[in-house]
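Colleague: If you scroll down you'll find the structure; I have some questions about it.
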Amino acid sequence: MAPAVSLAVLALVALLAPGLGVAFPGCDYPAHLWCSSWEIAVACQVESHCANLLRPAASPVELTLFYESLCPACRSFLVQQLFTTWLLLPAEALSITLVPYGNAEERNVSGKWQFQCQHGPEECLGNMIETCLMHEAKNFSSYFPVIFCLESGSSVTKNLEAVRPPSPSLVLLTSLCPPDLLLSPLLSWQCLQVYAPQLDTSRIAACVQGDTGAALMHHNAQLTQALDPPHQYVPWVVINGKHTDELQEQAQASLLGLICRLYQ
């Protein structure tokens, strides 16, 4: 039995197509079928009158951010636009991928990947920590607040207020770093303690100082180098697989507004 047609739809028939039962040229269905499916309701432009139908779920907007951990513009976009938008939107509206690498360069020395970053060794370490964090946490909602914490301070590597004593795994990690780079792991562990205390710091430390971290960073390099068009600056925003100057400008001006327009 066909779904009941509302009075509003019947009124629409009377007003727009008297005697025909067809409201619009693209609608080849009799009025009693207009609310039988979402596709027919759209074709006949009466979907707002079909209370019995649920609108099909829209696909999430897919956003990939190519960035650097110490790049001021990257940090501003991640903290002020991306994180805020993620908090305000329902989970099904936006899917985010983070790729910390940017303008870094890599080279293979005796089978080992080495990296040189635009803002120096501290940035390479920051990129590595965030990459290993994502690898170990798996769940975006677990690691994104930690990355927000890292990027939102006065300095990713030097915001040391209220830092707690480091764990043994942190001591092991920092023993391999030059003295001026000890600050970044300390801040990372502080952010972990606040936002993701369930994560195993020893596993993240092992990733950062081992082959896994280098392999993950090499993968980030490959993703960045495969961009089409090639990135010219960071932050570089790709939305639904595309980058244009217009999308980039809209994302940096009001990412929330852009995502709301695209999520349909």
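If you use mature numbering (1 follows the signal peptide of the UniProt record, and there is no 0), the sequence shown corresponds to residues -23 to -1, 1 to 241, in order. Beta carbons: idealized from backbone N, C-alpha and C, even for Gly.
Can you round the beta-carbon distance between glutamate 100 and leucine 47 to whole angstroms, since I take them to be within the 8 Å contact cut?
Modeller: Position 123 of the sequence shown, counting from 1, holds the residue named residue 100. Position 70 of the sequence shown, counting from 1, holds the residue named residue 47. The pair is a contact, with the Cβ atoms about 4 Å apart (cut-off 8 Å).
Colleague: Going by other Cβ atoms of all chains shown within 10 Å of its Cβ, with 16 needed for buried, is leucine 160 buried or exposed?
Modeller: Translated into positions along the sequence shown, residue 160 becomes position 183. Here the model assigns leucine 160 a pLDDT of 39, short of 50, so the residue's position is not dependable and the matter cannot be decided.
Colleague: Suppose the cutoff is 7 Å on Cβ atoms and the five residues either side in sequence are ignored; what does the same chain contact list for isoleucine 17 look like?
Modeller: If you number the sequence shown from 1, residue 17 lands on position 40. Closer than 7 Å at Cβ, skipping near neighbours: Tyr6, Leu10, Trp11.
Colleague: Determine which residues share a DSSP beta bridge with leucine 235 and list them.
Modeller: On the sequence shown, residue 235 is found 258 positions in, with the first residue counted as 1. Beta-bridge pairing links leucine 235 to no other residue.
Colleague: Using 7 Å as the threshold, is the C-beta distance between glycine 79 and valine 171 below it?
Modeller: By 1-based counting over the sequence shown, the position of residue 79 is 102. By 1-based counting over the sequence shown, the position of residue 171 is 194. The answer is no: Cβ separation not under 7 Å.
Colleague: Please check the pair tyrosine 120 and alanine 173, which I expect to be a contact at CB under 8 Å, by giving their CB distance rounded to whole angstroms.
Modeller: On the sequence shown, position 143 is the one that residue 120 refers to. On the sequence shown, position 196 is the one that residue 173 refers to. Their Cβ separation, rounded to whole angstroms, is 7 Å, which keeps tyrosine 120 and alanine 173 in contact under 8 Å.
Colleague: Please report the straight-line C-alpha distance between glutamine 229 and serine 13, rounded to a whole angstrom.
Modeller: By one-based count along the sequence shown, residue 229 stands at place 252. By one-based count along the sequence shown, residue 13 stands at place 36. About 42 Å.
Colleague: Quick check on the DSSP output: the alpha helix (DSSP H) that includes glutamine 186 runs from which residue to which?
Modeller: Taking the sequence shown and counting its residues from 1, the one referred to as residue 186 is at position 209. Element bounds for glutamine 186: 178 to 186.
Colleague: Which class does serine 129 belong to by DSSP, given the choice of helix, strand or coil?
Modeller: In the sequence shown, counting from the first residue as 1, residue 129 sits at position 152. The answer is helix: DSSP assigns serine 129 an H, G or I state.
Colleague: Bridge partners for arginine 84 per DSSP, in chain order?
Modeller: Residue numbering aside, residue 84 sits at position 107 when the sequence shown is read from its first letter. Answer is Gln91, bridged to arginine 84.
Colleague: Are threonine 108 and methionine 194 closer than 7 Å when you measure CB to CB?
Modeller: For this step, residue 108 is matched to residue 131 along the sequence shown. For this step, residue 194 is matched to residue 217 along the sequence shown. Against a cut-off of 7 Å, the Cβ pair of methionine 194 and threonine 108 comes out as a contact.
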